[in-house]
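As structure tokens, the structure follows; a few thoughts come after it.
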């Protein structure tokens, strides 16, 4: 003992080698792991050579504790990384939810704007129609009243002139003159009655014309979307009016000739009157002759005045129709410009969404690259201690990097396709609307040229009216036969008006069906979007909760908060949807009320038209020829309008088809991107679960390893205490072998170093 204490203190390696030489390496390992530190202190008190063993055991225990602390630190870092990855995943879910919510809100706003625009256009058309009907009725009433007063004044003047002429002619005859004056007074009374009947007929004719004008205005107001049909009706009415004006001018000339002939016939010479009286002619024949001539004159004059009034009314209605057509063309051009600006704004909005999507993709890619780099660093730092874990993590990092590259390629390809589709759509839209604008300008120029020509024709017809006035006397006798023929023409006009009324009713039905289908489509789309959003969000939240429930306790609170926020958002969306549905219902009720009012107004006008058409007077053969020309012109205009309408409809269909295809491609790209992102999130969650399981396995293996090492140390200490007795007995032998001690210590050091490495 004294010799051992006087020598230098051996190192841990030397002591371990010495014990290994004496006890063997296996016994030494068992001895070290058997006893605790307190037992070692108790048993090694007062024994100098065993204090080195105590130091050795304490060093080994400190090393094991340091190693366990290092592993615990790595485990905490891995858990922190998993928490960060969970937070990033939650942020990605929240961003996707906000993007879906913004898209749904934008779609809802666009649908509401379209509905409001349609409602405003319809209200504007209805108001314009009512205003035009009221204005036309007032103008027709004033014009008919003025014409009736003028006709009455002219008839009074003619009767007075005729009375004076007869008085001058018959004054020398004495008593027969008095008789003729009495007959003339009776004739005047009959003329007054005829004048009253003529005023009633003029009033009825004015009512009929007013009904026709109101019906035409209503047709133009309701069918404002069918511009070609309105233009066709306008030109047809104008041609009819010009023909009627020409025919009325011809009738005026005939009436003038009849008036001249009647005046000549009513101006007998004095000799003739004396001869009649001398021959005792019956005064009844003179009275009958005067009455027949006056009646014919009154009838022809009234008919001519009526035709002139009709022509003037038709001309004014034509001018108003042309102005309305110009206003409609200007409104159509403004509407086209508004549509172009709206489409440009939609394109910019899609481009903004794509830019935001690219930014989100870049940020997600950077985050995933940072996570992959962190995982690679951690794996390289732990490669010396955990070879298997290192290889597995490296494979996972490589797979994650490959997935990120694939995802980046998919997002880039989708972005390029969407950008190219939007650019192509914008180009085709611009070309289409440029073509429509050119066609509209050409149409407006064509209408202006036709207006100029029609005005010229109207002036020419006015000049020809004086010439035709002298030719009307020749065809007075044919009026009776032609009245029946004109009745057939009136029936044909009545049938055409009924057909036009049916077309107006069918247009209204189509408009109602279109509104109902649009409203149903909006409801279905909003319901589908709402259900898809709720199902997607519920699925994602459920997956997050199931994947991170065991190892990420903090994520549960954020997930609960997120679920509450999403429930509130869904409730808010549902409230907004119910409010929109209430607005749609209110708009539908308003539209039904307007339809009922329009239907009642049309029914009233149809009854008025039917009652008035029963009392329409006929025309002559020139009216038949004019109708033939009008039918030919209508056929040409129908063909031209059908060609224009087909071209316009085809262009609109192509434009709508392009917009639909672009929207479908954008939706497909967005769905593909969403599916890819969802799949990547699921794979990331699976990798997180695998990493958590691996960490759990590593922790469990470390705990088992520490337990085994403690057991081994206890066994080694037990064996060491058993060998203490042998050691005291071998002290004498140790003194004798002191000379060979350096060589043996070197050997034991080599053995100890090998065991430490193992």
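In this note's numbering, the protein residues as written are 4 to 761.
Ideal Cβ positions, reconstructed from N, Cα and C, are used throughout, including at glycine.
Indicate the three-state DSSP secondary structure (helix, strand or coil) for residue i in the structure shown.
{"i": "residue 233", "result": "A caution first: residue 233 carries a pLDDT of 46, below 50, which makes its placement in the model unreliable, though a value can still be read off. In the structure shown, residue 233 sits in a helix (DSSP, three-state: H, G or I)."}
{"i": "residue 607", "result": "helix"}
{"i": "residue 527", "result": "helix"}
{"i": "residue 284", "result": "Low per-residue confidence applies at residue 284: pLDDT is 43, beneath 50, and the placement is therefore not dependable enough to give any value."}
{"i": "residue 149", "result": "helix"}
{"i": "residue 225", "result": "The predicted model places residue 225 with a pLDDT of 47, which falls under 50 and marks its position as unreliable; any figure quoted below should be read in that light. Residue state, collapsed to three classes: helix."}
{"i": "residue 758", "result": "Model confidence at residue 758 stands at a pLDDT of 41, short of 50, so the residue's coordinates are unreliable and nothing is read from them."}
{"i": "residue 271", "result": "Reliability of the predicted coordinates at residue 271 is poor, the pLDDT of 46 falling under 50, and no value is obtained from them."}
{"i": "residue 180", "result": "A caution first: residue 180 carries a pLDDT of 49, below 50, which makes its placement in the model too unreliable to give a value."}
Can you tell me the Cβ-Cβ gap for residue i and residue j, rounded? I've got them flagged as a contact below 8 Å.
{"i": "residue 146", "j": "residue 316", "result": "6 Å"}
Return the residue from the list the options that minimises the CA-CA distance to residue i.
{"i": "residue 570", "options": "134, 711, 692 and 104", "result": "104"}
{"i": "residue 588", "options": "523, 663, 61 and 660", "result": "523"}
{"i": "residue 88", "options": "703, 112, 369 and 585", "result": "369"}
{"i": "residue 675", "options": "412, 581, 135 and 72", "result": "412"}
{"i": "residue 362", "options": "81, 678 and 98", "result": "98"}
{"i": "residue 409", "options": "341, 682 and 106", "result": "682"}
{"i": "residue 352", "options": "298, 567, 606 and 109", "result": "109"}
{"i": "residue 152", "options": "82, 599 and 309", "result": "309"}
{"i": "residue 341", "options": "81, 120 and 585", "result": "120"}
{"i": "residue 93", "options": "714, 700, 112 and 685", "result": "685"}
{"i": "residue 115", "options": "334, 603, 664 and 582", "result": "582"}
{"i": "residue 689", "options": "653, 520, 85 and 567", "result": "85"}
{"i": "residue 124", "options": "334, 65 and 149", "result": "334"}
{"i": "residue 696", "options": "81, 73, 70 and 68", "result": "81"}
{"i": "residue 130", "options": "607, 600 and 700", "result": "600"}
{"i": "residue 102", "options": "527, 355, 714 and 585", "result": "355"}
Within the present structure, is the beta-carbon of residue i separated from the nearest heavy atom of the ligand NAP by less than 7 Å?
{"i": "residue 81", "result": "For the ligand NAP, the structure offers nothing, since it holds no ligand at all."}
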